[in-house]
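A short worksheet on the structure shown next.
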Amino acid sequence: MTTLAADVRRLLVECGLAAANHNLVQHAWDIYEALPTLLSAPGDRRLVEAAMLIGLGRDGQAARLLASTPGSEAALLRSLIAPSNAPLNATATSFHPNSQESIHGNNSRATRTPGTGNKAGIGRDPTRSYSD
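Each residue of the sequence shown is one higher than the one before, counting from 828 in this note's numbering.
This is the structure in structure tokens:
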């Protein structure tokens with residue numbers, strides 16, 4: 828078997844994370860199964876496995892994996908699967924206070940041009956002029 832270069836292994840891991848978070852389930856599981864070959868550091872592998880499991884909706888498995896994983900990265904991942912009424916840790920509270928609204932899809936208010944009654948201004952810079 829040919830050993831892959833480090834940059835190729837990293838790209839495959841990134842593809843696995845993207846696949847898990849974009850509902851490309853079969854691709855995500857295929858890359859998940861290859862993680863022991865792609866990541867030699869056990870701590871890094873546990874973090875990536877947990878992030879992929881969260882993306883795939885396997886919060887319980889991710890929580891069990893993260894329970895024995897130290898560090899701020901693991902704490903941040905644990906905060907993603909904590910119940911919504913649980914207090915956030917210091918790492919997670921560094922996010923903008925409105926970030927939870929954006930995560931749940933309530934962000935059209937943030938991108939809509941003020942004062943427009945329709946959705947024509949969504950995603951447009953109010954300081955620019957556009958020729959539709």
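The beta carbon of each residue, even a glycine, is placed where N, CA and C say it ideally should be.
| Query | Result |
| --- | --- |
| Would you say L865 and V840 are within 7 Å of each other, going by their C-beta atoms? | yes |
| Can you give the Cα-Cα distance for H923 and L903, rounded to whole angstroms? | Caution applies to H923, whose pLDDT of 47 falls short of 50 and renders its modelled position unreliable; the model cannot decide the point. |
| Beta-carbon within less than 7 Å of M879's beta-carbon, same chain only, minus the 5 sequence neighbours each way: which residues are those? | G843, L844, A847, A855 and Y859 |
| So, for A890: in the same chain, excluding its five sequence neighbours on each side, which residues have a beta-carbon less than 6 Å away from its beta-carbon? | I908 |
| Helix, strand or coil for R854 per DSSP? | Just to set this straight, residue 854 is His in the shown sequence, not Arg. In this structure, H854 counts as helix in the three-state DSSP scheme. |
| Using the Cβ count rule (16 or more neighbours within 10 Å means buried), how would you classify T829? | exposed |
| Could you give the distance in angstroms between the alpha-carbon of D857 and the alpha-carbon of P910? | 29 Å |
| Confirm, please, whether the CB-CB distance from L862 to A983 is below 7 Å. | The structure shown does not extend to residue 983, since the chain spans only 828 to 959, so no value can be given for it. |
| So, using beta-carbon positions, are L883 and E900 closer together than 7 Å? | no |
| Please report the residue range of the alpha helix (DSSP H) in which A889 lies. | D886 to A894 |
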